[in-house]
Structure formats: C-alpha cells, structure tokens
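These notes concern the structure reproduced below.
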Amino acid sequence: MQTIHHITDMSSLSARWREQGETSAFVPTMGNLHDGHLSLVRQARDLADHVVVSIFVNPLQFDRAADLDAYPRTLEADLDALRAEGVDAAFVPDEQEMYPHGREAEPPVEVPGLEPLITTLEGEQRPGHFPGVVTVVKKLFDIVAPDVAVFGEKDFQQLRVIEHMVATLGLPVRVVAGETRREANGLAMSSRNNYLGAAEREQAGRLHAVLQELRRRLLADPVADPDALCAEARAELEAAGFRPDYVVVRRASDLAPAGPQDTDRRILAAAWLGPARLIDNIKV
Numbered sequence: 009m010q011t012i013h014h015i016t017d018m019s020s021l022s023a024r025w026r027e028q029g030e031t032s033a034f035v036p037t038m039g040n041l042h043d044g045h046l047s048l049v050r051q052a053r054d055l056a057d058h059v060v061v062s063i064f065v066n067p068l069q070f071d072r073a074a075d076l077d078a079y080p081r082t083l084e085a086d087l088d089a090l091r092a093e094g095v096d097a098a099f100v101p102d103e104q105e106m107y108p109h110g111r112e113a114e115p116p117v118e119v120p121g122l123e124p125l126i127t128t129l130e131g132e133q134r135p136g137h138f139p140g141v142v143t144v145v146k147k148l149f150d151i152v153a154p155d156v157a158v159f160g161e162k163d164f165q166q167l168r169v170i171e172h173m174v175a176t177l178g179l180p181v182r183v184v185a186g187e188t189r190r191e192a193n194g195l196a197m198s199s200r201n202n203y204l205g206a207a208e209r210e211q212a213g214r215l216h217a218v219l220q221e222l223r224r225r226l227l228a229d230p231v232a233d234p235d236a237l238c239a240e241a242r243a244e245l246e247a248a249g250f251r252p253d254y255v256v257v258r259r260a261s262d263l264a265p266a267g268p269q270d271t272d273r274r275i276l277a278a279a280w281l282g283p284a285r286l287i288d289n290i291k292v
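Going by our numbering, the sequence shown opens with residue 9, and the numbers climb by one from there.
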C-alpha cells in the first residue's frame, strides 16, 4: 500500500491508473477506523481495480474547535488496518496541503438546490457541518478522480447531500451506499462510540431498538400520525437515559417530512448519551 501525503502525488497515481484503463474506488474517512469503515473498503474492493482511502480530519465540518481537537486520531492503527484490507493507496494530507491559504480562505462549493437538504436535521443542529463536508468531498473527488465512491448509510443525510452534489454538478463519479454495520446490541458502529463507557455502550443499543419499534408501529397502522409516534419514541429514549435531538420520519429521497401516503420512508434520529451524540436511521 502506498501512503500518499501530497495532492500532486495522489493525482499522478490516479492519472496513471486511468491511462492504463484501470478503475478506482474511493472511501473518504476522517480516520479512527472501525469495522464499519472497513466494510465500505471491502465493498469498494469489489467495485474497481484499485481502492483509495483518504484519512483527513476536516476542520471545515466542525462547528466547535473543541470537537475538532477531541476527535480521535489513530493514524498508525488505521494504516495497519488498511494494509490488511489490501488497499492500494492511503491518501493522508495535512491541513496545510488541503487548505494552503488557510481554512478560512477556502471558497465554499456552491451547489444549486442543496439548501433544503443541509438546513434540516443535522444541518439544523450543526449549521456549518454540511458546507464543510461538501467542500472537502468535492476537493477530494477532484484530487482522487475516482470512478466510484462509497459512503455509509449510517450518515444517511450526508449520503443524500453527496448524491445531490454529484448529480447537480455533473461530477463523473458513481456514489454507492454501504449498509450500516452494528454492534451485537444494535448500536451503529461509529467513532463517537469511543466516548462511551462500557455501561453506556451497552445502554446505547436501546436507540436502535426504539427505532425498530417505531417502524413496527408505522407499518402496523398505515394511517397513523408519524409525528405522534415519533413523540412517543422520543419519550421512550428519554426514559432510557438519552437526550434526543430529534426522531423523525422523512421521505428517503429528499428528507422532506413524510406522511402515511409516502411509500419510501426513513426514520432518522440523533440523541445524546453521556458525552456522545449518537445518530442512527432505518428504512421503514
């Protein structure tokens, strides 16, 4: 596996593969890799001749400097895991490489029609998050020039944001979704889980269980009021020790509020447990 730190070297490698008629799949990450990330890497391996994984803790998508500073950094362990998965190239730029004129001077990527997707749910809770995600992912796409990019469904809103950006800007990359990987108790795998103690980690599985029960109720009563059922789910989470930010039912295609008449629905939730803010989603 090549470990690449400079944009010019990464772009040159991608260009060489293209000249040889070979394809590449890309998995962007912020490091602190777990089996959820590695499942995306394995999926990418089946989609192209070469796999590139980026590790870059993007400061633009953090609303608070304290969160950026606290984000776990485990680079050597991450590189070992990627080597074991047979990754061809790990792209590991630093902030100076990605934002040579400073992060504040980095021009935001303008994507027509994106605002409804980035001002709700996670965008409402973390206003600067998705503009930062869009900016760095577009820049990484330009550098890596992949044929395919794999994003996890755990961050479902992010997946929809990236799909919209690619379609609207006409970017030459196919976006593929990877299924959410879970712990034995149902907790969605996430780097944020590292903030949980052992007892909290076990308790955290209750989030997925509440969403599953909400889905059961929605399917059992096709004319039920989704808002009322979501309010019950939030109360159940509070009773279990969570501090919910939201539990909602949305149209899967555009994350607009969903009613009983909508057939493709997604339950999305965010809730604090101790020091960790957990997100999850499931298909209805």
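Don't be surprised by glycine CBs; every beta carbon is placed ideally from N, CA and C.
Segments of 4+ residues assigned as alpha helix (DSSP H) that fall wholly inside the region 113-141: 123-126 and 130-133
Extent of the continuous alpha helix (DSSP H) to which His109 belongs: Along the sequence shown, one-based indexing puts residue 109 at 101. From DSSP, His109 is part of no alpha helix (DSSP H); its letter is neither H nor E.
Classification of Val231 by the beta-carbon crowding that lies within 10 angstroms, buried from 16 upward: Residue numbering aside, residue 231 sits at position 223 when the sequence shown is read from its first letter. Classification of Val231: exposed, given that the 10 Å Cβ count is below 16.
For Thr11, the three-state DSSP class (helix, strand or coil): Translated into the one-based positions of the sequence shown, residue 11 becomes position 3. Thr11: strand per DSSP, three-state reduction.
Nearest-angstrom Cα separation, counted from His137 out to Pro265: Within the sequence shown, residue 265 is the residue found at index 257, counting from 1. Within the sequence shown, residue 137 is the residue found at index 129, counting from 1. So the two alpha carbons sit approximately 21 Å from each other.
Between the CA atoms of Gly186 and Asp57 - distance to the nearest angstrom: One-based indexing of the sequence shown puts residue 57 at position 49. One-based indexing of the sequence shown puts residue 186 at position 178. Approximately 18 Å between the Cα atoms of the pair.
Strand pairing of Asn178, partner residues [DSSP]: Start at 1 with the first residue of the sequence shown, and residue 178 comes out as number 170. Sequence inspection shows Gly at residue 178; the Asn mentioned does not correspond to that position. Answer is none; Gly178 lacks a bridge partner.
From Val152, Thr127 and Gly140, residue whose alpha carbon lies closest to that of Pro115: Here residue 115 is taken as the residue at index 107 of the sequence shown, counted from 1. It is Gly140.
Contained alpha helix (DSSP H) runs [length at least 4] in the region 41-91, N- to C-terminal order: 43-53 and 73-78
Separation of Ala239 from Asp229, as counted between CA atoms: Translated into the one-based positions of the sequence shown, residue 229 becomes position 221. Translated into the one-based positions of the sequence shown, residue 239 becomes position 231. Distance between the alpha carbons of Asp229 and Ala239: 16 Å.
Straight-line gap, Pro36 to Glu132 (C-alpha atoms, nearest Å): Residue numbering aside, residue 36 sits at position 28 when the sequence shown is read from its first letter. Residue numbering aside, residue 132 sits at position 124 when the sequence shown is read from its first letter. Between Pro36 and Glu132, the C-alpha separation is close to 24 Å.
Separation of Phe250 from Ser20, as counted between CA atoms: Along the sequence shown, one-based indexing puts residue 20 at 12. Along the sequence shown, one-based indexing puts residue 250 at 242. Spanning the two alpha carbons is a distance of roughly 48 Å.
Bounding residues of the alpha helix (DSSP H) (the contiguous stretch that carries Ala243): Taking the sequence shown and counting its residues from 1, one reaches residue 243 at position 235. Run containing Ala243: Pro234 to Ala247, per the alpha helix (DSSP H) assignment.
Paired residues, beta bridge with Tyr254 - DSSP: Position 246 of the sequence shown holds residue 254. Note: Tyr254 sits in a beta bridge opposite Ala278.
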